[in-house]
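Protein chains in written order, with the working numbering: chain A, 370 to 564; chain B, 370 to 564.
Glycine included, C-beta positions come from ideal geometry on N, C-alpha and C.
Quick caveat: nothing in here was measured; it's all calculated off a predicted structure.
Have a look at the structure below before the remarks.
2 protein chains.
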Amino acid sequence: MTSRAESAAATRRALLDAAADLLDSGGLDAVTLRAVGARAGVTRGAPYRHFPDKESLLIAVGIQAWDTLGDRMHALRADPGLSPAEKMRNGLIALIDVGRFQPHLYKLMFSNPPGDPTALARAAQRSQTEFLAVVADLVGEQHARRYAALLISSASGIAGLEASGQLADPKWGGVSAEDLTDTLVDMIAGKSRHA
Amino acid sequence: MTSRAESAAATRRALLDAAADLLDSGGLDAVTLRAVGARAGVTRGAPYRHFPDKESLLIAVGIQAWDTLGDRMHALRADPGLSPAEKMRNGLIALIDVGRFQPHLYKLMFSNPPGDPTALARAAQRSQTEFLAVVADLVGEQHARRYAALLISSASGIAGLEASGQLADPKWGGVSAEDLTDTLVDMIAGKSRHA
DNA sequence: GCTTTCAGATGACACTGTCAACTGACTCAA
DNA sequence: TTGAGTCAGTTGACAGTGTCATCTGAAAGC
């Protein structure tokens, strides 16, 4: 019934899921090959049949996360019930929510692994291209690149500051990640009206 | 000549410097207590006389970096030859430059260690308060908190995206970290003229 | 001068990522 | 059907790691 290739693919998926679970619940330190193997129902050596080393496994987890976010961005862009500005805002909040609810995964997504530094950047492509299209709908092709890059940078920074606890400092007057996002979106959406 | 307390303080400083050097040159993986000790001229157990564990040593390195940046922000604010907008821009670039030239240290500064999550946030206080004052000079007390938080978030995000190599992607049209910073500063400085 | 204190050295331990060798079930041509 | 070949997974081993208990010796204080 289950061929060898199928069961191997299932193990690979189980390893990825186990690594993602451990990362979410216990941070990067909790992701040991032994723990990943145990949770996936195999032993410590098994991951080496699917990934050259631990780093590659982690990168694969990050790629999976970018793909998931890409799907959400695609669905968001296609949603007929939302205005361009709403799509833009929701896209940014979607990114911030990853940082909010899966902070360790979020860090992994923006990490720069020594082995293949471009693998994660490639995986982020689809997600960012979808968002770029949303921004272009609002501000036009000409300024879209610059504004989209700025928006994604800012959103990732907002998420980072929130994750490190620095945004909660009283000197910011209790401002939330949503407040900052809205401020930014308003500035850019307002700018587009002037053009 | 050198009392026991003095030599202990010198060792502590040597350990911090060694850890910072190793972090810069070889990343977090290169910072082992044995390597830090060797570079500081002591053995692997010595750090435990100055820091409860490895994580505390790393946090101390991060705190030192925030203090250095705080000094630079202070000097920047006091510089009479710069306009408020220039001070704001230079402050953001100073933060981005840390991410650019010391990416591993930069990540450490925004990390959220399991042990004492607030230690780094406290260390970031002075740096951010100085910057907040610069922003207040430009946009007024009322909106300063929100804009300062947004600017710092965005700058840290820009640095993060640049460090992960994602900003270099051709889809952004070759935009640089400085371009994004200037765009942001212009939007907020322009906004202040409307008020 | 004697005791106390404490920075640093050292031995040991559990745990990690990684590799070489091994096992056994699946695959597929003859 | 049978045989060799493939390959996912196991196991033993090893070097390197953070950490602790213990020891040492010199400075500090009475």
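Residue range of the alpha helix (DSSP H) that includes residue i
| i | result |
| --- | --- |
| residue 435 of chain B | 423–447 |
| residue 526 of chain B | 510–532 |
| residue 473 of chain A | 472–478 |
| residue 405 of chain A | 402–409 |
| residue 393 of chain B | 373–395 |
Alpha carbon of residue i to alpha carbon of residue j, nearest angstrom
| i | j | result |
| --- | --- | --- |
| residue 432 of chain A | residue 489 of chain A | 6 angstroms |
| residue 505 of chain A | residue 523 of chain B | 20 angstroms |
| residue 418 of chain B | residue 408 of chain B | 16 angstroms |
| residue 392 of chain A | residue 519 of chain B | 29 angstroms |
| residue 502 of chain B | residue 467 of chain A | 32 angstroms |
| residue 534 of chain B | residue 555 of chain A | 28 angstroms |
| residue 396 of chain A | residue 511 of chain A | 41 angstroms |
| residue 386 of chain B | residue 480 of chain A | 25 angstroms |
Short CB-CB distance (under 7 angstroms) between residue i and chain B
| i | result |
| --- | --- |
| residue 495 of chain A | no |
| residue 486 of chain A | yes |
| residue 535 of chain A | yes |
| residue 542 of chain A | yes |
| residue 469 of chain A | no |
| residue 526 of chain A | yes |
Cutoff 7 angstroms: residue i Cβ touching any chain A Cβ
| i | result |
| --- | --- |
| residue 465 of chain B | no |
| residue 377 of chain B | no |
| residue 554 of chain B | no |
| residue 425 of chain B | no |
| residue 447 of chain B | no |
| residue 530 of chain B | yes |
| residue 428 of chain B | no |
| residue 490 of chain B | yes |
| residue 433 of chain B | no |
| residue 500 of chain B | no |
| residue 545 of chain B | no |
| residue 518 of chain B | yes |
| residue 549 of chain B | yes |
| residue 481 of chain B | yes |
6 angstroms Cβ shell around residue i - same chain, five flanking residues per side excluded
| i | result |
| --- | --- |
| residue 439 of chain B | 495 and 496 |
| residue 536 of chain A | 530 |
| residue 563 of chain B | Reliability of the predicted coordinates at residue 563 of chain B is poor, the pLDDT of 40 falling under 50, and no value is obtained from them. |
Cβ-based neighbour list, residue i, same chain, cut-off 8 angstroms, excluding 5 preceding and 5 following
| i | result |
| --- | --- |
| residue 515 of chain A | none |
| residue 382 of chain A | none |
Beta-carbon contacts of residue i that lie in its chain and below 7 angstroms, excluding the five residues immediately before and after
| i | result |
| --- | --- |
| residue 527 of chain B | 465, 546, 549 and 550 |
| residue 553 of chain B | 520 and 523 |
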